[in-house]
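Everything in the sequence shown is counted per our numbering, starting at 37 for the first residue and increasing by one. For each residue, glycine too, the CB sits at the ideal point set by N, CA and C. In this text, all values refer to a predicted model and were calculated from it rather than measured experimentally. Data block below; observations after.
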Amino acid sequence: MYWRAPAPSWLGGVPRVRDRSVLLDYVALTRPRILLLVLLTAPPALALGSGWPDPITVAGVLLGTALVGGGCGALNAWYERGRDAYMIRTRDRPLPAGRLSPTRALAFGLAVSAAGLLALFAVGGPLPALIGALALAHYIIVYTAWLKPRTPQAVVVGGISGAIAPLIADAASDGRIGIWGVALFAIVFVWQPPHFWAIALYRSREYAAAGFPTLPAVSGDRATRRQMLGWALALIPVTLIPWLAGALGSLYAGVALVGGAAFVASILHAMRRANDAGDRRVFVVSIAYLAILFTAILVETLRT
37 MYWRAPAPSW LGGVPRVRDR SVLLDYVALT RPRILLLVLL TAPPALALGS GWPDPITVAG
97 VLLGTALVGG GCGALNAWYE RGRDAYMIRT RDRPLPAGRL SPTRALAFGL AVSAAGLLAL
157 FAVGGPLPAL IGALALAHYI IVYTAWLKPR TPQAVVVGGI SGAIAPLIAD AASDGRIGIW
217 GVALFAIVFV WQPPHFWAIA LYRSREYAAA GFPTLPAVSG DRATRRQMLG WALALIPVTL
277 IPWLAGALGS LYAGVALVGG AAFVASILHA MRRANDAGDR RVFVVSIAYL AILFTAILVE
337 TLRT
């Protein structure tokens, strides 16, 4: 059984089922756009440790991380299929739209997750596989099933599993969790709350219809944007840790400072405008900021 609420009239009901490739629907369960951003955070951890490992290890870590991340997305889609039917951004996903059955989605999510853990074990041994398994359990049990329907602070706690890719990569590369895996984990962890709260602001009615308590609904829009600003300001010194420690050079430091300033400026802009357009801008800037930041790390590690 799963939670189900009456569909609000402003949603216009659940859309009719459309003909689509079954394969594409299975791919959609893995949230591929999110996966691409997650995978971008793994290679720098491989390089900052003891140097780039062999290509097989790199490919295995990326494949295993992608499969575990895709399994998280599929199992989340299976569990939240009832709530997803009442949100505009999720109601056309394969499960709420009726294109895939819950049983098939559950089996797919479990199979993909298991394949990812096996891949991590094969290339890195037990530690990266264990970290992947803990991230999977944290995301599905602690975040999705327990906290997300109960507290707006689920975003913060859920950030642990969302930022886990650098730890997996570091463990696979060096056989342990080193300082650089932790540093990159910290960057992604601190980045996530303002990023996701921006979505919660301009999708607040949808989250309310689905029964999710968000920070804007509980504390108000102004308080949410103030918290976003605090996290974004805290993120700047966190991103500078690799430079301050001498692991990365001036190129990365410049990107970190300019990107951090742009992120903060977008939130200040949203605070002044206090509308959906400003919050959407924060969301877009946040994605570009993280992608450019980790690309700068890769560029510097490849230059050395």
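Excluding the 5 residues flanking it on each side, residue 206 has same chain C-beta neighbours closer than 6 Å at 81, 85, 213, 214 and 217, in chain order. About 6 Å separates the CB atoms of residue 235 and residue 319; that is less than 8 Å, so the two are in contact. The shortest C-alpha to C-alpha distance from residue 312 to any of 269, 241 and 326 is the one to 241.
Taking the CA atoms as reference points, residue 288 sits about 6 Å from residue 332. DSSP, reduced to helix, strand and coil, places residue 122 outside both helices and strands of the structure shown, so it counts as coil. Nearest Cα to residue 104 within the set 160, 150 and 338: 150. Taking C-alpha positions only, residue 228 is separated from residue 83 by approximately 23 Å. A check of alpha carbon separations from residue 175 across 304, 142 and 199 identifies 199 as the nearest. Per DSSP, reduced to three states, the secondary structure at residue 59 is helical. In the three-state DSSP reduction, residue 139 falls in the helix class (H, G or I). Going by C-alpha positions, residue 211 is about 27 Å away from residue 70. Where residue 168 is concerned, the enclosing alpha helix (DSSP H) starts and stops at 162-173. Between the alpha carbons of residue 322 and residue 142 lies a distance of about 31 Å. Spatial neighbours of residue 106 in its own chain (CB-CB distance under 7 Å, excluding positions within 5 residues in sequence) are listed in chain order as 66, 71 and 148. The beta carbon of residue 209 lies closer than 6 Å to those of 82, 85 and 89 in the same chain, with the five residues before and after it left out.
Short of 6 Å from the beta carbon of residue 221, and not among the five residues preceding or following it, lie these beta carbons of its own chain, in chain order: 199, 202 and 203.
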